[in-house]
Every structure is written in structure tokens, then in C-alpha cells.
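The structure under discussion appears below in the form of C-alpha cells.
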Amino acid sequence: MPEPIRQGDIPGVQLRCRQLLPIDIETAWSWLTEPERLTRWLAASARIALHLERVDEDGAPVHELGSTLDRDRPRLWSLAFQQPAAGWPVATRLTFELTPHGDGCELSVLQEGFEHLPLSDGLTIWEAYRRHWREALERLAEEVGLRA
3 MPEPIRQGDI PGVQLRCRQL LPIDIETAWS WLTEPERLTR WLAASARIAL HLERVDEDGA
63 PVHELGSTLD RDRPRLWSLA FQQPAAGWPV ATRLTFELTP HGDGCELSVL QEGFEHLPLS
123 DGLTIWEAYR RHWREALERL AEEVGLRA
């Protein structure tokens, strides 16, 4: 069964995922910025410049590169985010935003700019990232839930 479109999603243009976390914003920020923590929920390897290597759902390697556009520690981090080896002609904009929520926080992931990718690939890439972010945020919630 297809996954329903979530609030904030515009197919082929932008996607938004949110995850409640049982940790404070400072701790959540460390899960976004420390390579040893990133590798536990987002990618098999990570470097400070946000160079990520992971495997997609078909087992194919994916190499992603992000360069910081805006950063307001510990609440906001926006990056130009792309897959150079896949031939993306432009980067998407990836934004992580942390807001207080009860005793913990909410992490919002917004990725936009898919409409600037080739029409033949844009919607497929959008759908792949929609699944990727949902699964990654579930892994993050499991990781921090075990250590909260």
C-alpha cells in the first residue's frame, strides 16, 4: 500500500518529516553534527563536512554531500545537499530544525528543490528520500530512546 502524503509534502518539489525525540535540543544537535552519532542512524560513514555514504533499499551505494548554507546552533542547520556521482545538476536544500516539545524536542527535516532535478528523475528521487528520511528518523528515535 502506498504511503500517504504528509503535511508539508509537495510531491516532486519538497518533503517534510518530523520526529519527536525524548532528549533536549543540545543532545539532539549532537546527533546531527557528530560523525560517530550520525553513523548510528543516518549513514554507514560520515564526516564533519557532511559527506555521507549509505546503501539504498536495493543495496546500491549512495554518496551524498552537504555544504552548510545556514547554521544557528542548536536549532537550525540548512545545507545544499546532493548526490554528485548521480549527476544531479543542482543541489536540493536540506534543513534540520529542532524545537522544544514537552520534556524533549521535535526534529523537522525539510528537503526542497526536487523540481530543479531532471523531470525524468525528480519524482523518483523525491520518493526515495521520503522513505529514506522516514526510516532514518525512526532509527534515530530508537537510538536516543535506548539512551535517554
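Residue numbers (the working numbering): 3 to 150. Think of the CB as a built atom: it goes at the ideal place given N, C-alpha and C, for glycine as much as any other residue.
Task: P76 versus I12 - alpha carbon distance - done: It is roughly 27 Å from the alpha-carbon of P76 to the alpha-carbon of I12.
Task: Identity of the residues DSSP links to I12 by a beta bridge - done: According to DSSP, I12 bridges with Q16.
Task: DSSP bridge partner residues for V57 (one or two, in chain order) - done: Partner(s): P63.
TODO: Determine the direct distance from the alpha carbon of P120 to that of Q21, and round the result to whole angstroms.
DONE: Each residue's Cα considered, the two are about 30 Å apart.
Task: Neighbourhood of E99 by C-beta, 6 Å cutoff - its chain only, sequence neighbours within 5 removed - done: Excluding residues up to 5 positions away in sequence, L78 and S110 lie with their Cβ nearer than 6 Å to the Cβ of E99 in the same chain.
TODO: Decide if R132 is buried, meaning its Cβ has at least 16 other Cβ atoms within 10 Å, or exposed.
DONE: By the Cβ-count criterion, R132 is buried, with 16 or more other Cβ atoms from all chains shown falling within 10 Å of its own Cβ.
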